[in-house]
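FYI, the numbering for the sequence shown is 2 to 271, going by my numbering. Following: one structure in structure tokens, then a few remarks.
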Amino acid sequence: MQKAAPYIDGLVVLTVLASGLLHPDPMVYYESAAILFAWIAIPLFAFAYVAYLYTEKHSNRIQGARKKAAPVAKEAYGTARAAFVVSLMAAWPMGLYKLGYPTGLAWTLEEMGLTWWMALIQIYLGIVVIDAWTYWKHRLLHTKLLFPFHKHHHSFRDPTPFAGFAVGPVETILTFWPLLLICIPEAKHFAPLYFTAIVSFVLLNLYLHSGIYSKVLEAVLPKLLLNSSAWHNVHHSDVNANFGEVSFVWDKWCKTSREDLKRKKEAAIN
Numbered sequence: 002m003q004k005a006a007p008y009i010d011g012l013v014v015l016t017v018l019a020s021g022l023l024h025p026d027p028m029v030y031y032e033s034a035a036i037l038f039a040w041i042a043i044p045l046f047a048f049a050y051v052a053y054l055y056t057e058k059h060s061n062r063i064q065g066a067r068k069k070a071a072p073v074a075k076e077a078y079g080t081a082r083a084a085f086v087v088s089l090m091a092a093w094p095m096g097l098y099k100l101g102y103p104t105g106l107a108w109t110l111e112e113m114g115l116t117w118w119m120a121l122i123q124i125y126l127g128i129v130v131i132d133a134w135t136y137w138k139h140r141l142l143h144t145k146l147l148f149p150f151h152k153h154h155h156s157f158r159d160p161t162p163f164a165g166f167a168v169g170p171v172e173t174i175l176t177f178w179p180l181l182l183i184c185i186p187e188a189k190h191f192a193p194l195y196f197t198a199i200v201s202f203v204l205l206n207l208y209l210h211s212g213i214y215s216k217v218l219e220a221v222l223p224k225l226l227l228n229s230s231a232w233h234n235v236h237h238s239d240v241n242a243n244f245g246e247v248s249f250v251w252d253k254w255c256k257t258s259r260e261d262l263k264r265k266k267e268a269a270i271n
């Protein structure tokens with residue numbers, strides 16, 4: 002699989018790109034994909050660049066001073082490729098929406114048929130499900146069979162914010178396929194909370210790959226059961242620990258945190 006993985010990744014990109022030909026209006030699909038790529042890539046790289054300038058000069062670097070320059074260009078390429086694939090996926094519901102087809106995107110509570118409390122509970126449960134999915138997806142990507150599709154991300158042992166979404170096409174599909182659920186009218190998503198959750202995840206991911214720790218964020222995020230830079234950075238230096246992408250809850254339950262692995266190792270020795 003090691004040799005085949007790059008070709009499969011390339012085939013995935015071409016397949017998703019060609020899928021637009023099956024859209025009710027391919028021209029609208031490809032226009033939507035181009036717009037979405039700009040919407041995603043420009044602010045993402047702007048935030049990553051500002052964060053990079055700040056974090057590289059920060060004294061609280063988790064792995065200490067860099068011994069060599071970070072592979073920023075390689076990180077940026079990986080993130081741009083992932084953004085391209087996500088844009089192609091999201092262009093399906095966006096294109097349908099622009100053409101007037103019913104989709105699962107709702108902008109008012111009346112459309113949702115929910116109260117604010119019910120909408121908040123819905124988005125919370127959605128985050129819980131996504132957290133579970135991304136954890137187990139991550140564990141699967143660390144199996145011998147699938148690791149070649151995840152290897153690119155682990156080539157950044159001491160990452161910068163540009164590496165936040167530097168994952169291969171197969172992993173991109175496995176992570177972001179829920180975007181396609183918006184194509185289903187019955188799968189209602191309350192847009193204000195849905196997009197807030199997505200932006201929050203992007204910002205969190207930039208911090209997770211910043212390479213620094215903020216005393217404030219490291220104090221607040223664990224109380225919200227969310228992942229932190231100090232927690233996730235461990236996974237880049239020790240690939241067998243800390244798999245959680247949104248929160249650390251599943252690592253605690255499945256005893257895959259670095260602390261749990263240390264205890265297992267010590268128990269085996271004794």
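Idealized CB from N, CA, C, for every residue including glycine.
Residue(s) in a DSSP beta bridge with residue i
| i | result |
| --- | --- |
| residue 213 | 62 |
| residue 190 | 106 |
DSSP-derived helix/strand/coil call for residue i
| i | result |
| --- | --- |
| residue 248 | strand |
| residue 227 | strand |
| residue 236 | helix |
| residue 202 | helix |
| residue 155 | helix |
| residue 166 | coil |
| residue 185 | coil |
| residue 20 | helix |
| residue 147 | coil |
| residue 67 | coil |
| residue 160 | coil |
| residue 28 | helix |
| residue 256 | coil |
| residue 72 | coil |
| residue 4 | coil |
| residue 57 | coil |
| residue 242 | coil |
CA nearest to the CA of residue i, picked from the options
| i | options | result |
| --- | --- | --- |
| residue 122 | 228, 195, 249, 93 | 195 |
| residue 86 | 35, 134, 212 | 35 |
| residue 81 | 24, 148, 140, 162 | 162 |
| residue 170 | 9, 24, 3 | 9 |
| residue 249 | 240, 233, 264, 239 | 233 |
| residue 70 | 63, 61, 57 | 57 |
| residue 189 | 228, 15, 103 | 103 |
| residue 60 | 89, 216, 130, 257 | 216 |
| residue 64 | 212, 229, 108, 244 | 212 |
| residue 235 | 147, 88, 257 | 257 |
| residue 255 | 24, 133, 55 | 133 |
| residue 176 | 138, 14, 270 | 138 |
| residue 239 | 214, 156, 270 | 156 |
| residue 25 | 39, 88, 93, 11 | 93 |
Residue j beta carbon less than 8 Å from that of residue i
| i | j | result |
| --- | --- | --- |
| residue 262 | residue 242 | yes |
| residue 143 | residue 153 | no |
| residue 120 | residue 191 | yes |
| residue 20 | residue 99 | no |
| residue 210 | residue 158 | no |
| residue 183 | residue 106 | yes |
| residue 246 | residue 136 | yes |
| residue 203 | residue 45 | yes |
| residue 205 | residue 52 | no |
| residue 41 | residue 84 | yes |
| residue 29 | residue 96 | yes |
| residue 287 | residue 220 | Residue 287 is absent from the structure shown; the chain starts at 2 and stops at 271. |
| residue 76 | residue 160 | yes |
| residue 118 | residue 110 | no |
| residue 165 | residue 66 | no |
Distance cut-off 7 Å: residue i Cβ against heavy atoms of the ligand ATP
| i | result |
| --- | --- |
| residue 256 | For the structure depicted, the ligand ATP is absent and the ligand set is empty, with no information on it obtainable. |
My parser needs the alpha helix (DSSP H) runs of 4 or more residues fully inside the stretch 84 to 144; what are they?
Taken in chain order, the complete alpha helix (DSSP H) segments of 4 or more residues contained in the stretch 84 to 144 are 110 to 113, 117 to 142.
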